[in-house]
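Asks: Protein chains in written order, with the working numbering: chain X, 1 to 240; chain F, 1001 to 1240.
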DNA sequence: GATTGATAGATTGTCAGACAATTGGAGCAT
DNA sequence: ATGCTCCAATTGTCTGACAATCTATCAATC
């Protein structure tokens, strides 16, 4: 769980809360490393020598070690005893499993949206969905990335479940090394936009099963893209 | 991810692997604390003062701190900045969400069993299912706990997915504080045994959807038990 | 008497430095 | 090539320290 986020979603009392950005250095370190890992600054399989990271981030070794324990538990790094941390590398097999997990959890997320989203949540979700669809149609990679992030923020806000959000973000982070940025399955964009709209529609219609189903389909189809890339790159073998 | 468990589920080569019990003290500490947390040695909401734990386990503070970071990421403790670690307390709301997650993930687990289980896996699963059913019928609490553990070991082995196992165990650990040990919904045992057998049957029939459905139903019904307990105990309020 | 403010104590956050244990690999011998 | 020995690189773990921050106690004020 992300160290202490205590936003009681009471619905009432809209934010007199002071967001403490981060009070501890460690949280910043973890955030920094996590970002670096998901953004590919460290390559899968690469060793992360503690002292090097200390110097790069200018913090002490105990701090780095604590941060690494956390990232290990999140599945982003692997701590080989007496050999040190290594950027976890996913096999296609593991990626497949994670996608399947993501699909069912995201289905549950959509289900929760149906149950819990307020009118405001829905309005925002609609807006963000359409923005993402637009970005997809424009095939503007930068805009797609940003819109996607905003879309998911809205989706998670609408489902009002910290647990679902937590696990989806975690799985997503673990899969990040697998995101394609070059290969494009022909017609995937058209298909994807239709599916996004289907999710939105089902949620707005308050149809739980349809929403869950639509969300799952979206993820499973998105995965196909990956399969293709894996094949293109020589099936992502374990040994470098 | 549980610090480096590298059992390539090749299916072939049944364990020439030498299980290194634990090469580092930290792993033992984490295991110990995790066990203590799930077994209720520490009560939800209780503070875990670092130095106290150091003395109790006879290890140094850095080690305890690393262990706590990991348990934090697993959702078992909460690290309040400048106040220290607290045993995470679940609200009924959070427990509900986790049960829903567990249901869909366990559904996926059953689905994977259908896809991947070998004949040996199935034989063991059948044996363990029947043993659990027996224990349930005998209403022998100790035996039920042991059989259940073995049942899940077999189920996870049969699904051949480290990710699914990882997340299910984690969610299960987080929910442990919520397991009832006293209240019994009348007829639940009969219902539960029937559902367990239904799961087994669906897997043996190689019917993915039925297996997934049966597993989900089992969890959702098991949760009802919890609802009852929560009500009985005054709905598990947040403030002590 | 209740609220506010201030002081002290407890605990965490972070660092530096040290040393033993283990691993991986280089080099040597067979 | 194969196997062995030894060494360098890193990690695993500890001790001790001190600043930052929180909690609670107690005094001061209205």
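Idealized CB from N, CA, C, for every residue including glycine.
(1) In its own chain, which residues sit with a C-beta less than 7 Å from the C-beta of residue 80 of chain X, not counting the 5 before and 5 after it?
(2) Are residue 1033 of chain F and residue 1071 of chain F close, meaning C-beta to C-beta below 8 Å?
(3) Can you tell me which residues form a DSSP beta bridge with residue 79 of chain X?
(4) Looking at the C-beta of residue 240 of chain X, does it have a partner C-beta in chain F at a distance below 8 Å?
(5) Out of X:19, X:203, X:208, which has the shortest C-alpha to C-alpha gap to residue 123 of chain X?
(6) Alpha helix (DSSP H) containing residue 1121 of chain F: first to last residue?
(7) Rounding to the nearest angstrom, what Cα-Cα distance links residue 187 of chain X and residue 138 of chain X in this structure?
(8) Taking any Cβ of chain F, which residues in the region 60 to 80 of chain X have a Cβ under 7 Å from it, in chain order?
(9) Of all the options F:1117, F:1104, F:1173, F:1126, which has the alpha carbon lying nearest to the alpha carbon of residue 1220 of chain F?
(10) Just to confirm, are residue 1150 of chain F and residue 1196 of chain F a CB contact at a threshold of 8 Å?
(11) Quick one: grab the DSSP three-state call for residue 5 of chain X.
(12) Give me the Cβ distance between residue 29 of chain X and residue 77 of chain X, rounded to the nearest whole Å; I'm assuming they're in contact under 8 Å.
(13) Ends of the alpha helix (DSSP H) at residue 1097 of chain F?
(14) Would you mind giving the Cβ-Cβ distance between residue 1170 of chain F and residue 1075 of chain F, rounded to the nearest angstrom? I have them listed as a contact below 8 Å.
(15) For residue 147 of chain X, which residues in chain F fall below 7 Å Cβ to Cβ?
(16) Compute the Euclidean distance between the alpha carbons of residue 1192 of chain F and residue 1224 of chain F, then round it to the nearest angstrom.
(17) Strictly below 8 Å CB to CB, what residues from chain X border residue 1104 of chain F?
(18) Beta-carbon separation of residue 1143 of chain F and residue 1154 of chain F under 8 Å?
(19) Taking residue 941 of chain F as the reference, which of F:1084, F:1106, F:1093 has the closest Cα?
(20) Run down chain F in chain order and give the residues with a C-beta less than 7 Å from the C-beta of residue 24 of chain X.
(21) Is it buried or exposed, residue 1249 of chain F, if we count other Cβ atoms within 10 angstroms and call 16 or more buried?
(22) Looking at the structure shown, is residue 20 of chain X part of a helix, part of a strand, or coil, going by DSSP?
(23) Strictly under 8 Å for the Cβ-Cβ distance: is residue 265 of chain X near chain F by that measure?
(24) Given residue 1167 of chain F, which residues of its chain have a CB within under 7 Å of its CB, disregarding the five upstream and five downstream residues?
(25) Do you know how far the Cα of residue 26 of chain X is from the Cα of residue 1066 of chain F?
(26) Counting only runs that start and end within the region 160 to 196 of chain X, where is the alpha helix (DSSP H) found for 4 or more residues in a row?
Replies: In brief:
(1) 86
(2) yes
(3) X:85
(4) Annotation note: pLDDT 33 at residue 240 of chain X (below 50); position unreliable, coordinate value reported separately. It does not: the Cβ of residue 240 of chain X has no partner Cβ on chain F nearer than 8 Å.
(5) X:203
(6) 1119 to 1138
(7) 14 Å
(8) 62, 65, 66, 69, 70, 72, 73, 74, 75, 78, 79, 80
(9) F:1104
(10) no
(11) Note on residue 5 of chain X: pLDDT 40, under 50, position unreliable in the model; the coordinate value appears next. In the structure shown, residue 5 of chain X sits in coil (DSSP, three-state: anything other than H, G, I, E or B).
(12) Residue 29 of chain X to residue 77 of chain X, Cβ: 13 Å. No contact.
(13) 1092 to 1116
(14) 7 Å
(15) By Cβ distance, chain F contributes nothing, its closest Cβ being about 27 Å from residue 147 of chain X, past 7 Å.
(16) 12 Å
(17) 104, 105, 107, 108
(18) no
(19) Since the displayed chain F opens at 1001 and closes at 1240, residue 941 of chain F lies outside it and no answer follows.
(20) 1081
(21) Outside the shown range of chain F (1001 to 1240) lies residue 1249 of chain F, about which nothing can therefore be said.
(22) coil
(23) One cannot answer for residue 265 of chain X here, as it falls past the ends of chain X, which runs 1 to 240.
(24) 1105
(25) 12 Å
(26) 162 to 175
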